[in-house]
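Peer 1:
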Amino acid sequence: MSVNQHQQQKNRHILADRNAAEAARDRYGRSGNAAHQTGAGGHSGHSPGRRRIRAAVIRRHVAAVSGRARRSVIEWNARSDFLEQIKKRRWEIFHGIRRIRRHRMREQIVDTLTHGTGFALAIAALVVLTVQAAITGGALRVAVCAIFGATLVILYAASTIYHALHHTRARRLFQRLDHISIFLLIAGSYTPFALINIGGAWGWSIFGIVWGIAIVGITLKAIIGERFEYLWVGMYLAMGWIAVIGLKPLMESIPGGGLALLVAGGGAYTAGVIFFAWEKLPFNHGIWHLFVLLGSLFHFIAAYQYVALA
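If you're matching positions, the sequence shown starts at 260 in our numbering and goes up one per residue.
1. Spatial neighbours of Ala453 within its chain, please: CB distance less than 7 Å, with the 5 preceding and 5 following residues excluded, ordered by chain position.
2. Would you say Ile513 and Gly447 are within 7 Å of each other, going by their C-beta atoms?
3. Alpha carbon to alpha carbon, how far is Val566 from Ala384?
4. Could you compute how far the alpha carbon of Tyr489 sits from the alpha carbon of Ala536?
5. Can you give me the C-alpha to C-alpha distance between Gly375 and Ile445, rounded to a whole angstrom?
6. CB Phe559 to CB Trp547, shorter than 7 Å?
7. Work out the CA separation of Gly545 and Glu366 for me, nearest whole Å.
8. Report the rounded CA-to-CA distance for Leu479 versus Ile472, giving the unit in angstroms.
9. Tell me, to the nearest whole angstrom, how far the beta carbon of Phe557 is from that of Ala527; I am working on the premise that it is less than 8 Å.
10. At the level of alpha carbons, what is the spacing between Met494 and Gln434?
11. So for Arg365, helix, strand or coil by DSSP?
12. Can you give the Cα-Cα distance for Ala523 and Ala561, rounded to whole angstroms?
13. Return helix, strand or coil for Leu568, following the three-state DSSP convention.
14. Using CA atoms only, rank isn't needed, just tell me which of Gly377, Val403, Phe378, Val369 is closest to Tyr563.
15. Could you check if Pro451 is buried or exposed, using at least 16 other CB atoms within 10 Å of its CB as the buried criterion?
16. Using 7 Å as the threshold, is the C-beta distance between Ala409 and Val401 below it?
17. Do Ile413 and Ser440 count as a contact pair if the criterion is CB distance below 7 Å?
18. Beta-carbon separation of Gly377 and Leu552 under 7 Å?
19. State the CB to CB distance for the pair Ala379 and Leu411, rounded to an integer number of angstroms; the pair is presumed to be in contact (CB under 8 Å).
20. Out of Ile504, Phe487, Gly554, Tyr449, point me to the one whose CA is closest to Trp470's CA.
21. Keeping to the same chain, check which residues put their C-beta closer than 7 Å to that of Asp370; ignore five residues upstream and five downstream.
22. Using a 10 Å radius around the Cβ and a threshold of 16 neighbouring Cβ atoms, would you call Ile457 buried or exposed?
23. Over what stretch of residues does the alpha helix (DSSP H) that includes Gly462 continue unbroken?
24. Note down, in chain order, each residue of its chain lying with its Cβ closer than 7 Å to the Cβ of Arg430, except the 5 sequence neighbours on either side.
25. Taking the straight line between their C-alpha atoms, what separation do you get for Thr419 and Phe487?
26. Helix, strand or coil for Ser290? Go by DSSP, reduced to three states.
27. Using the C-alpha atoms, what's the distance from Gly396 back to His438?
28. Give the secondary structure of Glu488 by DSSP, where H, G and I count as helix, E and B as strand, and everything else as coil.
29. Nearer than 6 Å: is that true of the beta carbon of Ser448 relative to any heavy atom of the ligand PLP?
30. Determine the DSSP secondary structure at Pro514, reduced to helix, strand or coil.
31. Looking at the structure shown, is Leu424 part of a helix, part of a strand, or coil, going by DSSP?
32. Do you know offhand how far Gly516's Cα is from Ile468's?
33. Could you give the distance in angstroms between the alpha-carbon of Phe442 and the alpha-carbon of Leu372?
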């Protein structure tokens with residue numbers, strides 16, 4: 260609606276209020292005159308007190324109508340000024356919106372490329388780990404390396420597709436799959452070291468705990484959806500550092516170099532959360548993706564060196 264149309268509508272409101280005020284004056288005035296004439300004729304006339312009450316009612320009604328008219332004028336003037344400012348600055352607003360959209364699109368491209376690279380590397384990691392484990396020997400060794408590699412592929416595939424599907428209905432589905440796959444990757448990262456390096460009661464206990472938490476987290480994520488974002492981040496961190504309960508058998512079963520790689524990977528994942536939460540930082544999500552890639556690289560090297568080759 261243009262400014263002229265707003266002004267015309269404002270004038271119609273004011274005219275309607277004035278007509279209502281005049282109608283009230285006419286109605287109450289006619290009633291008062293008729294009553295005065297009836298009283299003068301010696302019939303059922305009204306007293307002066309009754310006429311003063313009626314006059315007061317008329318004044319209140321007229322004041323109310325006038326107040327509404329004044330408020331209408333003020334409101335319409337404010338709306339007209341606002342629309343005039345919008346009209347004057349429309350190109351500035353338009354270009355501002357375009358800049359925001361371009362920046363968001365660039366961020367989505369960076370997010371897609373970072374984890375797209377991770378997806379390609381994850382496929383290579385799956386092949387290398389599985390083949391080397393088969394060469395080293397042992398069905399359990401092959402299985403745990405395949406599980407770790409498969410969870411890498413699932414996470415980076417879901418994340419890449421999610422960020423690539425910008426402004427599509429399927430994006431929400433892959434966002435949920437992306438978050439679910441984080442539970443899978445954390446549990447998958449534990450699997451080789453828990454079952455091959457630690458083994459025994461401790462190893463299988465850690466394996467059962469982390470996969471149990473992963474199943475609970477996946478179920479809750481499927482039910483609740485994207486709400487309580489920081490709850491999920493807290494669960495990811497808790498799962499990632501639950502290994503401290505088995506720190507002693509872990510230190511006894513894995514050499515110092517392997518343990519350092521595991522801690523470095525967990526540290527990279529944890530440090531990336533800082534950038535994930537730093538929403539005002541440009542490309543914060545892409546920076547977080549780089550830390551995720553770094554954490555995956557550390558854990559892959561540890562799995563290859565101390566599980567597949569061992």
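Don't be surprised by glycine CBs; every beta carbon is placed ideally from N, CA and C.
Peer 2: In short:
1. Listed in chain order, the non-local C-beta contacts of Ala453 below 7 Å within the same chain comprise Gly462, Ile465, Phe466, local neighbours out to five positions each way being set aside.
2. At a Cβ-Cβ threshold of 7 Å, Ile513 and Gly447 do not count as neighbours.
3. Spanning the two alpha carbons is a distance of roughly 13 Å.
4. Rounded to the nearest angstrom, the two C-alpha atoms are 9 Å apart.
5. Spanning the two alpha carbons is a distance of roughly 19 Å.
6. If you check the CB distance, Phe559 and Trp547 do not come in under 7 Å.
7. Roughly 7 Å separates the two Cα atoms.
8. If I take the Cα positions, the gap works out to 10 Å.
9. Contact annotation, Phe557 with Ala527: C-beta distance approximately 6 Å; criterion of less than 8 Å satisfied.
10. Each residue's alpha carbon lies about 17 Å from the other.
11. Helix, per DSSP.
12. Cα to Cα, the separation comes out at about 10 Å.
13. Coil.
14. Of the candidates Gly377, Val403, Phe378, Val369, the one whose C-alpha sits nearest the C-alpha of Tyr563 is Val403.
15. The Cβ neighbour count for Pro451, taken over all protein chains shown within 10 Å, is at least 16; the residue is labelled buried.
16. Not a contact, by the Cβ cut-off of 7 Å.
17. Pairing Ser440 with Ile413 gives a Cβ-Cβ distance under 7 Å.
18. Yes; because the gap between Cβ atoms is below 7 Å, this pair is in contact.
19. Here Ala379 is actually not in contact with Leu411; their C-beta atoms are around 11 Å apart, not less than 8 Å.
20. Here the closest residue by C-alpha is Tyr449.
21. Within the same chain, Asp370 has close Cβ partners His422, His544, Gly545, His548.
22. Looking at its Cβ environment, which holds 16 or more other Cβ atoms inside 10 Å, Ile457 is buried.
23. Unbroken alpha helix (DSSP H) run through Gly462: 459-483.
24. The answer, listed in chain order, is Tyr421, Leu424.
25. Rounded to the nearest angstrom, the two C-alpha atoms are 23 Å apart.
26. With a pLDDT of only 47 at Ser290, under the threshold of 50, the placement of this residue in the model should not be trusted; the figure read from the coordinates follows. Looking at Ser290 - three-state DSSP - the assignment turns out to be helix.
27. Each residue's alpha carbon lies about 34 Å from the other.
28. Looking at Glu488 - three-state DSSP - the assignment turns out to be helix.
29. Among the components of this structure there are no ligands whatsoever, and the ligand PLP is therefore not found.
30. In the three-state scheme derived from DSSP, where H, G and I count as helix and E and B as strand, Pro514 is classed as coil.
31. Leu424 falls in the coil class under three-state DSSP.
32. Ile468 has its alpha-carbon roughly 25 Å from the corresponding atom of Gly516.
33. Distance between the alpha carbons of Phe442 and Leu372 is about 22 Å.
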